[in-house]
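A short worksheet on the structure shown next.
Residue numbers (UniProt numbering): 1 to 526.
Below you can see the structure in the form of structure tokens.
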């Protein structure tokens with residue numbers, strides 16, 4: 001069925017060039033009908049194609065009057081759902097009354113109704129074959145624990161189809177991001193219209209990539225955090241961050257692999273840049289537990305390129321068939337490209353981003369210097385993980401004398417031996433000041449949201465540094481950077497490193513020159 005959307009729907013940017021038929025449905029949950037009507041207008045303005053009226057959220061409900069009002073006054077097509085508590089909803093009343101209300105919605109002109117697989121036989125028996133021709137019946141099943149095997153999902157879809165569904169719907173829960181692959185497999189091979197979602201942060205990919213794999217619709221909330229199921233993005237993010245209308249079967253998939261990862265601004269940067277040049281790709285947050293398992297599962301050429309962040313930069317090395325010599329020397333990769341033969345190539349752009357940003361910060365006061373302003377400087381790196389390795393390597397390459405400080409001294413010592421540096425435990429750092437005008441680079445997540453009051457070093461010790469850099473960029477000005485500035489040091493933010501390391505990644509992802517001014521403009525508000 002192709003949905004004809006009321007011609008009064010506001011066209012979003014790029015809507016005229018819509019490349020897929022997948023719909024965006026905004027769930028409407030409110031205490032009263034009046035509040036629902038306000039949210040329906042908001043859904044229309046936001047660019048949604050239809051609304052899901054969650055009747056079970058209403059505090060009081062007069063079925064005939066309220067359903068009639070909601071259908072007649074809604075500016076978009078309607079999907080009525082009356083979810084019982086036994087399927088994750090809020091309705092705890094009599095089952096017959098619930099099914100009667102859904103039948104009434106069908107009679108009064110709803111475009112869709114959602115009936116649970118567990119209730120469909122009872123619903124069909126009460127219909128006596130009097131099904132409305134206009135109203136499409138969605139039969140749904142929700143699993144809030146896990147995602148079953150592909151075989152079990154196939155059997156579930158067959159049962160839903162056999163129940164008389166016009167549209168099959170199932171939602172599972174992601175225990176691991178690789179669970180989503182089984183749902184894509186079912187979606188892409190479905191012979192009937194299908195809505196297939198994987199709930200939770202690890203299932204986000206299932207909600208964004210519906211148009212690529214042929215899903216009938218996806219759900220987008222009107223407000224961040226006000227979701228009808230875990231992991232729903234907003235309508236605004238679907239349209240303006242992920243360029244949802246432009247996605248299709250040929251869209252290449254990119255993403256940032258990390259844990260945690262939702263703080264990353266990479267999707268904002270890359271998706272806007274992709275859109276600016278008409279590049280057919282989408283970039284997403286990928287919350288990954290086991291990177292080797294991720295790459296084993298998502299091995300097709302469609303999964304084209306990845307940024308890699310904490311804690312996977314070192315483990316990613318073992319997943320790559322080919323590694324850039326610098327990344328090999330550093331012992332960490334932050335950028336992975338899938339070659340045409342399907343094998344993975346890994347490189348490291350972290351050290352370029354950080355070192356060039358630090359050099360620019362120093363050069364502001366010493367423009368006449370030839371060679372690197374880092375030459376001969378005492379350069380203290382906090383952290384011995386992937387980013388710490390990269391920055392220590394880059395600083396050493398530029399002629400700096402490097403010191404590694406880490407919570408566990410052993411790890412600091414291991415890296416110091418590899419790079420040719422000194423090692424300290426983090427506890428010793430506040431009393432370490434053999435000279436003034438040192439440079440400090442924090443490469444750990446200390447001070448990152450939500451723990452914004454944390455800092456790796458005492459304020460008193462910062463007076464011995466002429467420049468302080470923090471790889472954390474959420475928030476942009478961390479406590480470390482604020483106290484460094486108050487102590488008279490120059491500061492370089494993680495945003496500057498982020499932009500610097502993204503130039504090369506973008507070029508490797510797209511084969512196009514990085515739009516450097518656009519990158520700076522996008523990140524200037526953060």
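Beta carbons are placed, not taken as given, at the ideal position from N, Cα and C, and that holds for glycine.
Sub-7 Å separation of residue i and residue j beta-carbons
i	j	result
residue 92	residue 81	no
residue 320	residue 346	yes
residue 107	residue 79	no
residue 462	residue 490	no
residue 98	residue 228	no
residue 249	residue 207	no
residue 132	residue 156	no
residue 89	residue 121	no
residue 447	residue 479	yes
residue 74	residue 50	no
residue 505	residue 309	no
residue 180	residue 203	yes
residue 497	residue 465	no
residue 160	residue 136	no
residue 254	residue 267	no
residue 271	residue 241	yes
residue 520	residue 493	no
residue 396	residue 418	no
residue 326	residue 383	no
residue 95	residue 116	no
residue 474	residue 449	yes
residue 304	residue 338	yes
residue 377	residue 400	yes
residue 113	residue 269	no
residue 76	residue 44	yes
residue 279	residue 510	yes
residue 230	residue 205	no
Beta-ladder partner(s) of residue i, from DSSP
i	result
residue 112	79 and 136
residue 403	380 and 422
residue 217	23
residue 240	Paired residues: none, contrary to the question.
residue 509	BP columns for residue 509 are empty, so no partner.
residue 470	442
residue 491	468
residue 84	91
residue 524	Partner(s): none; residue 524 has no beta bridge.
residue 308	257
residue 141	170
residue 234	221
residue 28	53
Status (buried if at least 16 other CB within 10 Å, exposed otherwise) for residue i
i	result
residue 445	buried
residue 371	exposed
residue 41	exposed
residue 292	exposed
residue 1	Residue placement at residue 1 is poorly supported in this model, since its pLDDT is 28, which falls under 50; the coordinates are not used for a value here.
residue 277	exposed
residue 361	buried
residue 368	Note that residue 368 scores a pLDDT of 45, beneath 50, so its modelled location is shaky; the value from the coordinates is reported in the next line. It counts as exposed.
residue 66	buried
residue 211	buried
residue 237	buried
residue 134	exposed
residue 273	buried
residue 307	buried
residue 513	exposed
residue 398	buried
Worksheet entry | At least three beta-carbon pairs within less than 8 Å, the segment 276 to 293 to the segment 255 to 266 | Three or more Cβ pairs drawn from the segment 276 to 293 and the segment 255 to 266 lie within less than 8 Å of each other, which places the two stretches in contact.
Worksheet item: Does the pairing of the segment 325 to 339 with the segment 377 to 394 give three or more beta-carbon distances under 8 Å?
Response: Segments in contact, yes.
Practice prompt. At 4 residues or longer, and completely inside the segment 164 to 210: list those alpha helix (DSSP H) runs for me, N to C.
Written response: With a minimum length of 4 residues, the continuous alpha helix (DSSP H) runs that stay inside the segment 164 to 210 are 179 to 189 and 204 to 208.
Discussion item. Quick test of the definition: if touching needs 3 or more C-beta pairs under 8 Å, does the segment 403 to 419 touch the segment 336 to 344?
Written reply: Using a C-beta cut-off of 8 Å, the segment 403 to 419 makes no contact with the segment 336 to 344, since fewer than three inter-stretch Cβ pairs fall below that distance.
Practice prompt. Could I get the ranges of all uninterrupted beta strand (DSSP E) runs contained in the segment 30 to 69, with 3 residues as the minimum, in chain order?
Written response: Here the runs fully enclosed are 50 to 54.
Practice prompt. Could you tell me which uninterrupted beta strand (DSSP E) segments, each at least 3 residues in length, are contained entirely in the segment 252 to 306, listed from first to last along the chain?
Written response: Correct list: 252 to 258 and 281 to 287.
Item to complete: Within the segment 313 to 391, note down every full alpha helix (DSSP H) run reaching 4 residues or more, in order along the chain.
Response: Listed in chain order, they are 325 to 330 and 350 to 363.
Discussion item. Assess contact between the segment 213 to 224 and the segment 186 to 198, defined as three or more Cβ pairs (one per stretch) separated by less than 8 Å. Is contact present?
Written reply: In short, these stretches touch, since the Cβ pair count reaches three.
Worksheet item: Counting pairs of beta carbons, one from the segment 139 to 156 and one from the segment 170 to 180, are three or more of them closer than 8 Å?
Response: A contact exists between the segment 139 to 156 and the segment 170 to 180.
Discussion item. So, does the segment 58 to 77 touch the segment 32 to 40, judging by three or more C-beta pairs under 8 Å?
Written reply: The answer is yes - the segment 32 to 40 touches the segment 58 to 77, with three or more Cβ pairs under 8 Å.
Practice prompt. Check whether the segment 426 to 435 touches the segment 453 to 461, taking contact to mean three or more Cβ pairs, one atom from each stretch, closer than 8 Å.
Written response: Proximity of the segment 426 to 435 to the segment 453 to 461 meets the contact definition, three or more beta-carbon pairs being nearer than 8 Å.
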